[in-house]
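Enquirer: Below is the structure I would like to discuss, written out as C-alpha cells.
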C-alpha cells in the first residue's frame, strides 16, 4: 500500500519556477545575485578607472570614467582659496578679477572647468587630494535555486548594495546539487506551450 506524500507549496512553486526560468544557455543553472566592487590597485595593474578623493573625509571629487570636474572645482573653491588664487595667477587669468558681477568662487570654478587639464596636472592639486587607481571586481552576494528568488532578494535589498544584477552559474561537477535540483523539478511537470 503506497502512501501519498504531500509536498509543501513552496517546493511545488519552486519546481514550477525552475521549469519556466531561462537557463541562459547554462547547464544546471544556479542563480546568483552579484554587484561590482572597486579595489585600490597600482596604476596600470588591472586598472578600471581612477578617482581623486579628499583623504580627510573620503569624498570622491573626480571619477575618470565620468570626467566631470564640477565637484573638484567646488571643493577647491570651498576649501583652498590660496590654491585657487595661485592657480589663476599661474594660468594668466588675473584679468578676470575685474568682473564685479561674479564672486571669486564663481570666477575660479568657471576658469577651472574650462582650463584645468586633470590628466596631466592632478599632481598640482593640494596634498589633501589623492589619486587612487581602482580595479573592478564582481562580488557574489547571494546564490539561489531560482531566478524568482534572486530577483526577490534584489527587490528587498538593493538599497544596501551597489547596483545588483542576476548572473547564472553552472552547478556542473556538483552532483548533490544537481540531484537536488532534478528532484525538485520532478515534483511538477513542465508546462507545454499551446
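Residue numbers (our numbering): 30 to 223. Backbone N, C-alpha and C fix where the C-beta goes; we use that ideal spot for every residue, glycine too.
(1) Report the three-state DSSP secondary structure of residue 82 (helix, strand or coil).
(2) Is residue 158 helix, strand or coil by DSSP?
(3) May I ask which residues mark the beginning and end of the beta strand (DSSP E) holding residue 69?
(4) Based on Cα-Cα distance, which residue from 36, 218, 45 and 114 lies nearest to residue 176?
(5) Evaluate residue 268 with the Cβ neighbour count: other Cβ atoms within 10 Å of its Cβ, from every protein chain shown; 16 or more gives buried, anything less gives exposed.
(6) Exposed or buried, what is residue 118 when buried is set at 16 or more other beta-carbons lying within 10 Å of its beta-carbon?
(7) Quick check: the Cα distance between residue 182 and residue 84, rounded to an integer number of angstroms?
(8) Excluding sequence positions up to five away, which residues of its chain have a Cβ less than 6 Å from the Cβ of residue 138?
Expert: Walking through what the data contain:
(1) If you number the chain shown from 1, residue 82 lands on position 53. Looking at residue 82 - three-state DSSP - the assignment turns out to be strand.
(2) Here residue 158 corresponds to residue number 129 of the chain shown, with the count starting at 1. Looking at residue 158 - three-state DSSP - the assignment turns out to be strand.
(3) In the chain shown, the residue the question calls residue 69 occupies position 40. Counting along the chain, the beta strand (DSSP E) containing residue 69 begins and ends at 58-70.
(4) Position 147 of the chain shown, counted from the first residue, corresponds to residue 176. Of the candidates 36, 218, 45 and 114, the one whose C-alpha sits nearest the C-alpha of residue 176 is 45.
(5) As displayed, the chain neither begins before 30 nor continues past 223, which places residue 268 out of reach and without an answer.
(6) As a first step, residue 118 must be located in the chain shown, where it is residue number 89. Counting Cβ neighbours within 10 Å, residue 118 comes out exposed, since fewer than 16 surround it.
(7) For the purposes of this step, residue 182 is taken as residue 153 along the chain shown, with counting starting at 1. For the purposes of this step, residue 84 is taken as residue 55 along the chain shown, with counting starting at 1. Their Cα atoms are separated by approximately 34 Å.
(8) Within the chain shown, numbered from 1, the residue matching residue 138 stands at position 109. Here the set comprises 102 and 106.
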